[in-house]
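Undergrad: Provided herewith is a single structure, encoded as structure tokens, for subsequent inquiry.
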Amino acid sequence: MGYFVDNTGKYCKRTRRRLQERCTTDIECSSAFSLCVMNKCNCKPGFKKDSHGGCIPTFYSCLNNAKPLMDDNNKIKSCTIYSTRSTYYTGFYPEDIKFYNNNLTNVIEKNNIPMYSESILNEEPLNLTKFEFDDNEELKNIVVRDDISTEDCPDTHYCVPVFDVPKTPNLYQGFCCPKPSKNVPVCPVGLPHHSSIGPNFGCTNCPFDQYYCHQDSLYGSKDICCPKPCVSPEDVYIDGNCYPIAFYGDSCIFDDQCMGRKKINKILTTTSLFDMINTMSCIKNICSCPPGWLHEDGACTKLECKVGIKGTPLTNSEGKIMSCIRSSDCSQGSFCDHSIGSCCKGNNRCPSGYAETGELCKDKQCSNGNICITTRNRRSKICCVEEN
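By the count of UniProt numbering, the sequence shown reaches residue 388 at its end, each step adding exactly one.
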């Protein structure tokens, strides 16, 4: 239910419905903060339809019924802030390796990736597309991007995080609220789940498929169960709507849909995880690697020369990587790195008709039938590939 077979007959695709279109399940409704009511997609309580077909909040709530800060155009003052509640999209796909709850927990703990465990860890093989950070985790796990500046509130206000910024783990867009004198929890947008009302509030019975556990970042001492923009973990929130996460070669509309993915046992650090997520782009409506990056095992890997003076390959006047079949295709002072098919700076130390591979000889032998030669200064024995 909620899926259909594509025209190839090989894959299942999500059924996506706009507001007021017929539906059978909540997951079909593509507008953020929407659900299926009486077989039609509608905005959730506390939201209304906007001019773009999405659902926007009818009100923004601050603690103690205070009013959010407005800008010079009488619109809600927006802000961005790093928060410990965030999402990592990994696109883990277990064709040959299946992680059960204990193994997955070990991998997550080894990589310092905290996550909720209420309904995710069960006895079935897992195919997770995201990890959700626990609000109680310390900020030490956050990967802060130097190239994105946060938009602050004035000293009398603070930023309440609401919408996660795609492809930037831990970064949230929100709005400015006055600093409160007392603490009564409130959902920033929308209405809390019926299990999370006063006086106890809390997230004990919070359904995490459609809600998240919100705690005010500065003044909160109580949790409250608040609505998520997108119901499906396979979606990403972009400008009021939910769009499918797309991987290499998939169709796309926005760069923010395109996510790199690798098998979970190859993720070594949160930084490398961020690199996988961020580098893929939507080029001509297909998720692709940008210039200077190479597709490898589901993710984009930065092209690096293995020969010459190493570093990045040469580019032409249009900023595109200079490709090559043989060293004669390259400009003076460079030669062809056959491992990436690109021109790299440096002097070729191999005889005419051959090019360096970047590999050193082992017992006077080279891999792939390449020849071993001694350099002119007799300091190194290097492998050379024939360029015919």
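From the three backbone atoms N, C-alpha and C, an ideal C-beta is built for every residue, glycine too.
Can you tell me whether DSSP reads Leu19 as helix, strand or coil?
TA: It is coil, neither helix nor strand.
Undergrad: In the DSSP output, what is Ile373 paired with across the bridge?
TA: DSSP, once it has assigned bridges, lists Ile382 as partnering Ile373.
Undergrad: Can you check the stretch 20 to 58 for any beta strand (DSSP E) of at least 3 residues that lies completely inside it and give the ranges in chain order?
TA: Taking only runs of at least 3 residues, the beta strand (DSSP E) segments lying wholly in the stretch 20 to 58 are 34 to 37, 40 to 43, 47 to 49, 55 to 57.
Undergrad: Can you list, in chain order, the stretches of the beta strand (DSSP E) that have 3 or more residues and sit fully within the stretch 195 to 242?
TA: Taking only runs of at least 3 residues, the beta strand (DSSP E) segments lying wholly in the stretch 195 to 242 are 211 to 214, 224 to 227, 235 to 238.
Undergrad: Does the stretch 365 to 376 come within contact of the stretch 329 to 340, defined as at least 3 CB pairs closer than 8 Å?
TA: No, they do not touch.
Undergrad: Using the Cβ count rule (16 or more neighbours within 10 Å means buried), how would you classify residue 405?
TA: Residue 405 lies beyond the range of the chain shown here (1 to 388); nothing can be said about it.
Undergrad: Looking at Tyr172: is its Cβ nearer than 9 Å to the Cβ of Tyr60?
TA: No. Outside cutoff.
Undergrad: Name the one or two DSSP bridge partners that residue 433 has.
TA: A question about residue 433 goes unanswered here, because the residues of the chain that appear run from 1 up to 388.
Undergrad: Per DSSP, which residues does Lys302 bridge with? Please list them.
TA: DSSP output for Lys302 lists Trp293 as bridge partner(s).
Undergrad: Given Asp209, which residues of its chain have a CB within under 7 Å of its CB, disregarding the five upstream and five downstream residues?
TA: Here the set comprises Val231.
Undergrad: Three-state secondary structure (DSSP) at Leu63?
TA: Note: Leu63 maps to helix in three-state DSSP.
Undergrad: Excluding the five sequence neighbours on either side, which residues of its own chain have a C-beta within less than 7 Å of the C-beta of Arg18, listed in chain order?
TA: Excluding sequence neighbours, Arg18 sits near Ser30, Ser31, Cys41, Gly53.
Undergrad: Measure the CB-CB distance between Ser189 and Val162 and report whether it falls below 9 Å.
TA: Note on residue identity: the sequence assigns Val, not Ser, to residue 189. Their beta carbons are under 9 Å apart, which means Val189 touches Val162 by this criterion.
Undergrad: Smallest Cα separation from Cys176: which of Gly249, Leu63, Thr315?
TA: Here the closest residue by C-alpha is Leu63.
Undergrad: Is it right to say Ser328 is buried, meaning 16 or more other beta carbons lie within 10 angstroms of its own, or is it exposed?
TA: By the neighbour-count rule (16 or more Cβ atoms within 10 Å), Ser328 is not buried but exposed.
Undergrad: By Cβ distance below 8 Å, which residues in the same chain neighbour Leu69 in space, the five residues on each side in sequence not counted?
TA: Hits under 8 Å: Ile76, Lys77, Cys153, Pro154, His157, Phe175, Cys176, Cys177, Pro178.
Undergrad: Look up Gln365 in the DSSP assignment and give the residues it is bridged to.
TA: According to DSSP, Gln365 bridges with Lys362.
Undergrad: Taking the beta carbon of Arg376 as the centre, do at least 16 other beta carbons fall within 10 Å, making it buried, or is it exposed?
TA: So Arg376 ends up on the exposed side.
Undergrad: Here's the rule I'm using: 16 or more other beta-carbon atoms within 10 Å means buried, otherwise exposed. How should Pro207 be labelled?
TA: So Pro207 ends up on the exposed side.
Undergrad: Within the continuous beta strand (DSSP E) that includes Thr80, where are the two ends?
TA: Taken as a continuous stretch (DSSP letters only), the beta strand (DSSP E) holding Thr80 covers 78 to 82.
Undergrad: Could you tell me the alpha carbon to alpha carbon distance between Asn200 and Ile253, rounded to whole angstroms?
TA: Rounded to whole angstroms, Asn200 to Ile253 spans 43 Å at the Cα level.
Undergrad: First and last residue of the beta strand (DSSP E) that includes Ile253?
TA: Ile253 -> no beta strand (DSSP E), and no H or E assigned at all.
Undergrad: Out of Cys384, Asp250, Asn348, Arg349, point me to the one whose CA is closest to Cys361's CA.
TA: Nearest of Cys384, Asp250, Asn348, Arg349 to Cys361, Cα basis: Cys384.
Undergrad: Measuring from the CB of Ile81, is there a heavy atom of the ligand FMN at a distance below 8 Å?
TA: With respect to the ligand FMN, the structure shown offers nothing to examine, as it has no ligands at all.
Undergrad: Using a Cβ cut-off of 9 Å (strictly closer), state whether Lys40 contacts chain C.
TA: As a matter of chain content, chain C is missing from the structure shown, which is built from one protein chain.
Undergrad: Assuming Gly227 contacts Asp235 under a Cβ cut-off of 8 Å, what Cβ separation, rounded to an integer in Å, is found between them?
TA: The sequence given here has Pro at residue 227, not Gly. Actually they do not touch by this definition, with Cβ atoms about 14 Å apart.
Undergrad: According to the neighbour-count rule (16 or more other Cβ atoms, all chains shown, within 10 Å of its Cβ), is Thr204 buried or exposed?
TA: Classification for Thr204: exposed.
Undergrad: When the Cα atoms are used, what is the spatial distance from Gly46 to Asp216?
TA: Looking at the two C-alpha atoms, the distance is approximately 19 Å.
Undergrad: Cys289 to Glu28, Cα distance in whole Å?
TA: Each residue's alpha carbon lies about 29 Å from the other.
Undergrad: Start and end of the beta strand (DSSP E) containing Ser281?
TA: Here the beta strand (DSSP E) through Ser281 covers 281 to 283.
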